[in-house]
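When you line the sequence shown up against the numbering used here, it's residues 20 to 317, in that order.
Don't be surprised by glycine CBs; every beta carbon is placed ideally from N, CA and C.
In this text the structure is predicted, and so the values were computed from the model without any measurement.
Heads up, the thing below is written out as structure tokens.
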Amino acid sequence: MKFAKGMTILALALSAHTAFAADESVPTDSSIHVQADPALKSLLPADVVKRGYIVAGTNPNTPPTTFYKEDNKTLAGREIDIMNAVGERLGIQVQWRDTGGFDNIIPGLKTGRYDVALSNINATPARAKIIDFVGYYDASRLGIIARKDANIAPFKELADVCGKEVGAGSGTTQVTRLEDASKACEAAGKKPIKVSVFPDRPAGVQAVVSGRVPMFLGPYEGLLWQVKVIKPLTMSGEITVHDAPVSVAFPKDSALEPAVQAALNSLIKDGSYNKILDNWGIGFGAVKEAKRNQEIFQ
20 MKFAKGMTIL
30 ALALSAHTAF
40 AADESVPTDS
50 SIHVQADPAL
60 KSLLPADVVK
70 RGYIVAGTNP
80 NTPPTTFYKE
90 DNKTLAGREI
100 DIMNAVGERL
110 GIQVQWRDTG
120 GFDNIIPGLK
130 TGRYDVALSN
140 INATPARAKI
150 IDFVGYYDAS
160 RLGIIARKDA
170 NIAPFKELAD
180 VCGKEVGAGS
190 GTTQVTRLED
200 ASKACEAAGK
210 KPIKVSVFPD
220 RPAGVQAVVS
230 GRVPMFLGPY
240 EGLLWQVKVI
250 KPLTMSGEIT
260 VHDAPVSVAF
270 PKDSALEPAV
280 QAALNSLIKD
290 GSYNKILDNW
300 GIGFGAVKEA
310 KRNQEIFQ
């Protein structure tokens with residue numbers, strides 16, 4: 020895995036930041052840059068072209084997805100690289116906002132505070148009723164971390180954690196998945212899963228490190244990063260699911276969607292997309308096409 024330069028282990032593992040207000044633009048650092056395609060710029064809505072930039076929201080505390088670098092003010096990560104490359108391909112600037120929490124993302128989209136949002140957001144039928152999506156990353160692999168000294172035997176199914184305590188991040192699909200698995204445990208005559216909900220992934224990871232909870236469930240690529248930099252941790256569970264992809268999220272019926280989808284597919288076609296994922300050591304999640312809204316679920 021290739022780590023970004025200039026990062027401390029603490030910043031990589033448990034980055035959390037609250038200094039920026041949601042409406043302030045946050046600087047970013049991209050690992051690659053791409054050329055603009057004038058034909059694609061013609062797809063941009065007139066109001067966005069007149070404004071001169073796209074407003075993107077993110078919850079930056081989960082490397083390698085989105086996080087603050089060692090200077091504690093510059094954003095980096097997979098989703099920064101992806102959306103900045105989309106902007107460059109479209110010939111328009113992307114301005115980033117720290118949403119101050121994952122739970123603020125959908126309300127921010129609905130009120131028009133953000134044109135797009137990228138924060139490991141799974142497209143789901145329930146969310147699709149209130150926001151729109153363009154998928155760009157395969158989220159079919161989840162991980163469960165634990166302390167190495169807990170000596171938990173590696174497992175592949177959530178049925179293996181019946182009767183145990185597992186943490187997950189507030190507002191994520193992992194909470195729902197654990198709750199559903201807990202019901203299945205009880206239906207099978209087993210003890211339920213105790214689901215502990217944390218404000219975000221860093222809080223949950225720290226709870227495992229400190230021994231407050233034995234395990235934490237989250238996106239595989241993010242937890243793989245954590246176990247690389249936090250030596251007491253190990254990947255105990257590797258769960259294969261059949262979720263729709265992680266997506267760029269939009270307000271419902273956003274006129275910006277065709278442009279972003281076209282730019283993503285252009286980046287996939289010329290190999291820039293794969294270079295971004297490989298830079299973060301997560302090329303296993305590459306998709307062959309960026310699909311939009313109901314196409315995602317077919």
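Continuous alpha helix (DSSP H) stretch holding residue i: start and end
i: Gln193; result: 192-206
i: Asp151; result: Unbroken run through Asp151 is the beta strand (DSSP E), 150-156; no alpha helix (DSSP H).
i: Ile124; result: 124-129
i: Arg220; result: 220-229
i: Arg70; result: 65-70
i: Val135; result: First-last for Val135: 135-141, but that is the beta strand (DSSP E), not the alpha helix (DSSP H).
i: Val248; result: 239-248
i: Glu59; result: First, the amino acid is wrong: residue 59 is Leu here, not Glu. First-last of the alpha helix (DSSP H) with Leu59: 57-60.
Continuous beta strand (DSSP E) stretch holding residue i: start and end
i: Lys288; result: Careful: Lys288 lies outside any beta strand (DSSP E), inside the alpha helix (DSSP H) at 276-289.
i: Ser215; result: 213-217
i: Ser273; result: Run containing Ser273: none; DSSP gives neither H nor E here.
i: Ala187; result: 184-188
i: Ser159; result: Per DSSP, Ser159 belongs to no beta strand (DSSP E) and is neither H nor E.
i: Glu257; result: 252-259
For residue j and residue i, the rounded distance between their alpha carbons
i: Thr85; j: Ile51; result: 15 Å
i: Leu177; j: Ile212; result: 9 Å
i: Leu94; j: Ala207; result: 45 Å
i: Ile163; j: Val185; result: 8 Å
i: Arg18; j: Asp100; result: Within the shown structure, residues of the chain are numbered from 20 to 317, placing residue 18 beyond reach of any answer.
i: Lys247; j: Ala104; result: 27 Å
i: Ile287; j: Gly302; result: 12 Å
i: Arg311; j: Ser285; result: 15 Å
i: Asn123; j: Phe316; result: 25 Å
i: Phe152; j: Glu276; result: 8 Å
i: Tyr87; j: Asn80; result: 7 Å
i: Ser291; j: Ala305; result: 12 Å
i: Ser201; j: Gln245; result: 26 Å
i: Ile249; j: Lys307; result: 32 Å
i: Pro221; j: Ser49; result: 23 Å
i: Asn141; j: Pro57; result: 30 Å
i: Val260; j: Thr191; result: 15 Å
i: Val318; j: Gln313; result: Because the chain here runs from 20 to 317, residue 318 falls outside it and cannot be looked at.
i: Pro144; j: Gln193; result: 15 Å
i: Val68; j: Glu89; result: 33 Å
i: Lys210; j: Pro173; result: 20 Å
i: Asn98; j: Gly237; result: The amino acid at residue 98 is misidentified as Asn; the sequence shows Glu. Answer to the nearest angstrom: the Cα atoms are 17 Å apart.
i: Ala309; j: Gly182; result: 39 Å
i: Ser44; j: Val113; result: 10 Å
i: Trp299; j: Asp289; result: 18 Å
i: Asp297; j: Val228; result: 28 Å
i: Leu59; j: Arg196; result: 38 Å
i: Glu198; j: Ala147; result: 21 Å
i: Val180; j: Met102; result: 36 Å
i: Ala165; j: Gln225; result: 11 Å
i: Pro82; j: Glu205; result: 35 Å
i: Lys175; j: Val214; result: 18 Å
i: Glu257; j: Asp219; result: 20 Å
i: Leu242; j: Ser138; result: 15 Å
i: Asp262; j: Glu240; result: 15 Å
i: Leu62; j: Lys129; result: 22 Å
Cβ distance (whole Å) where residue i is taken to contact residue j below 8 Å
i: Gly188; j: Phe121; result: 7 Å
i: Ile125; j: Lys271; result: About 11 Å; that fails the 8 Å criterion.
i: Ala274; j: Pro64; result: 4 Å
Closer than 8 Å to chain D by CB, residue i
i: Gly71; result: The chain labelled as chain D is not found in the depicted structure, where only one protein chain is given.
Taking contact to mean at least 3 C-beta pairs separated by less than 8 Å, is the stretch 251-265 in contact with the stretch 167-180?
-> yes
Curious, which full-length beta strand (DSSP E) runs of at least 3 residues does the stretch 90-121 contain?
-> 112-117
Evaluate the contact criterion for the stretch 232-249 versus the stretch 121-133: three or more CB pairs, one atom per stretch, below 8 Å.
-> Flag = no, the stretch 232-249 and the stretch 121-133 do not touch.
Is it true that the stretch 262-280 meets the stretch 146-158, where meeting means three or more beta-carbon pairs spaced less than 8 Å apart?
-> yes
Are the stretch 274-291 and the stretch 102-117 touching by the rule of at least three beta carbon pairs closer than 8 Å?
-> Cβ pair count under 8 Å is three or more, so yes.
Is the stretch 68-78 in contact with the stretch 117-124, if contact means three or more CB pairs nearer than 8 Å?
-> yes
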